[in-house]
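Visitor: Quick one: this structure, given as structure tokens, is what I'll be asking you about.
In the numbering used here, the protein residues as written are 9 to 141.
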């Protein structure tokens, strides 16, 4: 059973992630945090197989939370999938440099999300596609 931490200020995202994984046959449990500071703390207190992290949240944004998660020895090895509503090539590059395993842009198709999460859970990093701009 995979343990996943969803850090996002929209609770519906946790439900979509869970439903996508369930449809893909991935057995999992999800813990949910609604802001980056709370998520960073939880990531260092419990052991997770995967973290999904929203870019824009109150109290601590996704990039700062990612930096802190990767800086802490207790959470540094946990793969993190960044989720963002903005198709910003500079942020994609920054997220990968900070240690994200993948980046998903909203809106996403549930099957696309499940495929990315399964690949990351299997130990792979996914490079973002080149900008089409």
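C-beta atoms are modelled at their ideal positions from N, C-alpha and C, and glycine is treated no differently.
Ordered along the chain, which non-local residues of its own chain (more than five positions away) have a Cβ less than 6 Å from that of residue 56?
Guide: For residue 56, where only same-chain residues beyond five positions count, the Cβ hits under 6 Å are 11, 13 and 86.
Visitor: Identify whether residue 38 lies in helix, strand or coil by the three-state DSSP scheme.
Guide: In the structure shown, residue 38 sits in a strand (DSSP, three-state: E or B).
Visitor: What did DSSP end up calling residue 62 once you bin it into helix, strand or coil?
Guide: Of the three classes helix, strand and coil, the one that applies to residue 62 here is strand, per DSSP.
Visitor: Please work out which residues of its chain come closer than 7 Å, Cβ to Cβ, to residue 66, disregarding the five sequence neighbours upstream and downstream, and give them in chain order.
Guide: The residues are 17 and 43.
Visitor: On the criterion of 16 or more Cβ atoms from any shown chain inside 10 Å, does residue 30 qualify as buried, or is it exposed?
Guide: Answer is exposed; the Cβ neighbour count stays below 16.
Visitor: Can you give the beta carbon distance from residue 103 to residue 124, rounded, assuming they're within the 8 Å contact cut?
Guide: Contact doesn't hold; Cβ gap of about 14 Å is too wide.
Visitor: Going by DSSP in three states, residue 10 sits in which element: helix, strand or coil?
Guide: Residue 10 falls in the strand class under three-state DSSP.
Visitor: Taking all protein chains shown into account, decide if residue 54 is buried (16 or more other Cβ within 10 angstroms of its Cβ) or exposed.
Guide: With fewer than 16 Cβ atoms within 10 Å of its Cβ, residue 54 is classed as exposed.
Visitor: State the DSSP-derived secondary structure class of residue 68, mapped to helix, strand or coil.
Guide: It is coil, neither helix nor strand.
Visitor: Just the Cα atoms here: how many angstroms apart are residue 116 and residue 69?
Guide: Approximately 20 Å between the Cα atoms of the pair.
Visitor: Using the Cα positions of residue 90 and residue 121, report the straight-line distance between them to the nearest angstrom.
Guide: Each residue's Cα considered, the two are about 11 Å apart.
Visitor: Pull up the distance between the alpha-carbon of residue 112 and that of residue 126, whole angstroms please.
Guide: Rounded to the nearest angstrom, the two C-alpha atoms are 13 Å apart.
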